[in-house]
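Trainee: Protein chains in written order, with this note's numbering: chain H, 1 to 349; chain W, 350 to 407.
Input: one structure, supplied below.
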Amino acid sequence: MAMKTEGSTQGNFHNVVSEIGDIGRDWHGNTITDHAEFNRPYCKKGKSIKQLEKPEGPKADRAIVVSAGPSLHRLHSLETIKNSDFDGSIICVDGSYMKALRAGVIPDYVVSLDPHPTRMVRWYGDPNFEKNSKNDDFFNRQDLDITFRNNSILENQKNIDLVNKYAPKIKLILATSAPKNVVERAHEAGFDIYWWNPLVDDPNEPNSLTRKLYGLNPLPCINTGGQVGSAAWNFTTTRLKIQDIGMVGMDMGYHIDTPYNMTQTWYELVEHVKGREDDIEDYFQKVVFPLNGTESYIDPTYFWYRRNLLEMMSQVDFTTYNCTESGTLFGPGIECVPLVDYLQGTIHG
Amino acid sequence: MSEFLKGNFKTKSEVKVKSSQEENEDLQDRFRKQALGSIGGSMVYVERTALDWDGDED
């Protein structure tokens, strides 16, 4: 790949980054409101994130946030956690939850945010898997789980059974933006559900969408950073009040060997550059991970997520430990450390 | 505008009809916004705002 390095001037790249926030807000606004409306009866009968009891003992002291980036599979991070004596809280995002269960790691919390109507339910075992995956190669393009890709219907049924078995023991931190099928599946499986609103704009502004969401469901609103991994970090920080946090699977980018067309927003980028196909290289930047020199690349979406998370981290007065061991996430407020060191407690917050 | 929709009366205010070029540009803009919206990923993010908000009572 003739890829430019991070920091070199790329007008096309940064033009897209600068537009993502506003356009995302326009694009998702109606969906979020519709889902919040649908979820009203569930929220009314269910529990607010405010009612969540704070963890105690070692679980109150330390936490690992498990995101679903490619390193989780590539570096066997969950197996490393399983084989350790780590006794802190474990917070999975929805996309890493199944991988965790399969590795024998039972999380204390699972965070779910994404409003996509057909894709997200897959993380809980999808009762309509064939219908929802028809004509959608989103997961096939990225999925590193070869077992699932090669035998997806059977594996999906195994996932349903596994989720049903463990759901009652797990607190699902569910955003009001969640789609109907995720909400129904979560209730059917028997999760202990706690609801929250995504903070989507300044609630003090006139016509604030956040205030509208709060009006529909008077629940705490959490800034998401644009994606569930950052929301999970924020949940751990502001709700669990844990200040010694390690993160795994938080790649915020792609391993250098990943073909462009295997990236999450490939089709959208192709649509965006239509007529200027020679410019496609401008939308990817090479990044070297400082801990071990691993090479990755970042696209505008992950660049935006990364910037948002770094900004969120600048609002707290503790250091977060990135134990992903690859990717693009480093900077002020973050120390990159080997996962085993964090698990052994040789790194102290 | 479709020939069938032309009336035999005058409207009080002038009706501006978009040219096919304007309509095409609108459509392109919409597709572009859709593409960028998807690039924007799963959720929106509010810059330079508190990490959370618990409503006015807090």
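For glycine and all other residues, C-beta sits at the position ideal for the given N, C-alpha and C.
Looking at the C-beta of residue 199/H, does it have a partner C-beta in chain W at a distance below 8 Å?
Mentor: By one-based count along the first sequence, residue 199/H stands at place 199. So, interface residue.
Trainee: Tell me which residue opens and which closes the beta strand (DSSP E) that residue 194/H is part of.
Mentor: Taking the first residue of the first sequence as 1, we reach residue 194/H at position 194. From DSSP, the beta strand (DSSP E) with residue 194/H extends over 192 to 199.
Trainee: Note the first and the last residue of the continuous beta strand (DSSP E) segment covering residue 246/H.
Mentor: Locating residue 246/H in the first sequence gives position 246, counting from the first residue. It spans 245 to 248 - the beta strand (DSSP E) in which residue 246/H sits, taken as one unbroken run.
Trainee: I need the boundaries of the beta strand (DSSP E) containing residue 297/H, first residue and last residue.
Mentor: Your numbering for residue 297/H matches position 297 in the first sequence. From DSSP, the beta strand (DSSP E) with residue 297/H extends over 295 to 298.
Trainee: Measure how close the beta-carbons of residue 43/H and residue 217/H come, nearest whole angstrom, since I'm counting them as under 8 Å.
Mentor: Position 43 of the first sequence holds residue 43/H. Position 217 of the first sequence holds residue 217/H. That pair is a contact at about 4 Å.
Trainee: With a threshold of 8 Å between beta carbons, is residue 118/H in contact with chain W?
Mentor: Taking the first residue of the first sequence as position 1, residue 118/H is located at position 118. Not one chain W Cβ lies under 8 Å of residue 118/H.
Trainee: Closest Cβ-Cβ distance between residue 70/H and chain C: below 8 Å?
Mentor: In the displayed structure, chain C is absent; the protein chains listed are H and W.
Trainee: Near residue 87/H, what residues of its chain come up, given a Cβ to Cβ distance below 6 Å and the 5 sequence neighbours on each side ignored?
Mentor: Translated into positions along the first sequence, residue 87/H becomes position 87. Excluding sequence neighbours, residue 87/H sits near 58.
Trainee: By a C-beta neighbour count over all protein chains shown, 10 Å radius and 16 as the cutoff for buried, is residue 285/H buried or exposed?
Mentor: Counting from one through the first sequence, the residue named residue 285/H turns up at place 285. Residue 285/H should be labelled buried.
Trainee: Compare the C-beta of residue 91/H with all C-beta atoms of chain W and state if any pair is closer than 8 Å.
Mentor: Walking along the first sequence from the start, residue 91/H turns up at place 91. Answer no: the Cβ-Cβ gap between residue 91/H and chain W never drops below 8 Å.
Trainee: Could you tell me the boundaries of the alpha helix (DSSP H) in which residue 172/H lies?
Mentor: Position 172 of the first sequence, counted from the start, is the residue given in the question as residue 172/H. Taken as a continuous stretch (DSSP letters only), residue 172/H belongs to no alpha helix (DSSP H), being part of the beta strand (DSSP E) at 171 to 175.
Trainee: Express the C-alpha separation of residue 108/H and residue 90/H in angstroms, rounding to a whole number.
Mentor: One-based indexing of the first sequence puts residue 90/H at position 90. One-based indexing of the first sequence puts residue 108/H at position 108. Rounded to the nearest angstrom, the two C-alpha atoms are 5 Å apart.
Trainee: So with CB distances below 7 Å, who are the chain W contacts of residue 214/H?
Mentor: In the first sequence, residue 214/H corresponds to position 214, counting from 1. Within chain W, the residues near residue 214/H are 404.
Trainee: Identify which residue in 105/H, 328/H, 122/H, 336/H has its Cα closest to the Cα of residue 287/H.
Mentor: The count along the first sequence starts at 1 and reaches residue 287/H at position 287. Minimum Cα distance to residue 287/H is reached at 328/H.
Trainee: Could you spell out the range, first to last residue, of the beta strand (DSSP E) harbouring residue 335/H?
Mentor: Counted from its first residue, the first sequence places residue 335/H at position 335. Run containing residue 335/H: 334 to 336, per the beta strand (DSSP E) assignment.
Trainee: Kindly list the residues whose CB is nearer than 7 Å to the CB of residue 193/H, restricted to its own chain and excluding five residues on each side of it in sequence; keep chain order.
Mentor: Start at 1 with the first residue of the first sequence, and residue 193/H comes out as number 193. Around residue 193/H: 46, 47, 172, 174, 186.
Trainee: Is the shortest distance between the beta-carbon of residue 315/H and the beta-carbons of chain W less than 8 Å?
Mentor: In the first sequence, counting from the first residue as 1, residue 315/H sits at position 315. Closer than 8 Å: yes.
Trainee: Do you know how far the Cα of residue 229/H is from the Cα of residue 308/H?
Mentor: As a working note, residue 308/H is residue 308 in the first sequence. As a working note, residue 229/H is residue 229 in the first sequence. Near 11 Å, if we compare the C-alpha coordinates of residue 229/H and residue 308/H.
Trainee: Excluding the five sequence neighbours on either side, which residues of its own chain have a C-beta within less than 6 Å of the C-beta of residue 233/H, listed in chain order?
Mentor: Here residue 233/H is taken as the residue at index 233 of the first sequence, counted from 1. Hits under 6 Å: 65.
Trainee: Assign residue 401/W to one of three DSSP states: helix, strand, or coil.
Mentor: If you number the second sequence from 1, residue 401/W lands on position 52. In this structure, residue 401/W counts as strand in the three-state DSSP scheme.
Trainee: Tell me whether residue 301/H sits in a helix, a strand or coil according to DSSP, three-state version.
Mentor: Stepping through the first sequence from its first residue, residue 301/H is reached at position 301. DSSP places residue 301/H in helix when its eight states are reduced to three.
Trainee: Given 8 Å as the limit, is there contact between the region 151 to 171 of chain H and the region 124 to 135 of chain H, that is, 3 or more CB pairs closer than that?
Mentor: Cβ pair count under 8 Å is three or more, so yes.
Trainee: Smallest Cα separation from residue 39/H: which of 200/H, 79/H, 183/H?
Mentor: One-based indexing of the first sequence puts residue 39/H at position 39. It is 183/H whose Cα lies nearest to the Cα of residue 39/H.
Trainee: Please list, in chain order, the residues of the region 213 to 235 of chain H that have any C-beta partner in chain W closer than 7 Å.
Mentor: Flagged, chain order: 214, 218, 220, 221, 222, 223, 224, 225, 226, 227, 228, 234.
Trainee: With 8 Å as the threshold, decide whether the Cβ of residue 33/H is near any Cβ in chain W.
Mentor: The residue given as residue 33/H occupies position 33 in the first sequence. With 8 Å as the cut-off, residue 33/H does not count as an interface residue toward chain W.
Trainee: How would you label residue 169/H, buried or exposed, when you count the other beta carbons within 10 angstroms and need 16 or more for buried?
Mentor: As a working note, residue 169/H is residue 169 in the first sequence. Under this definition residue 169/H is an exposed residue.
Trainee: I'd like to know if the region 250 to 262 of chain H and the region 332 to 343 of chain H are in contact, where contact means that at least 3 CB-CB pairs between them fall below 8 Å.
Mentor: The region 250 to 262 of chain H is not in contact with the region 332 to 343 of chain H.
Trainee: List, in chain order, every chain W residue whose beta-carbon is nearer than 8 Å to that of residue 312/H.
Mentor: Locating residue 312/H in the first sequence gives position 312, where the first residue counts as 1. The contacting residues are 400.
Trainee: Name the chain W residues that come within less than 7 Å of residue 203/H, Cβ to Cβ?
Mentor: Position 203 of the first sequence, counting from 1, holds the residue named residue 203/H. Ordered by position in chain W, the residues that pass the 7 Å Cβ test against residue 203/H are 402.
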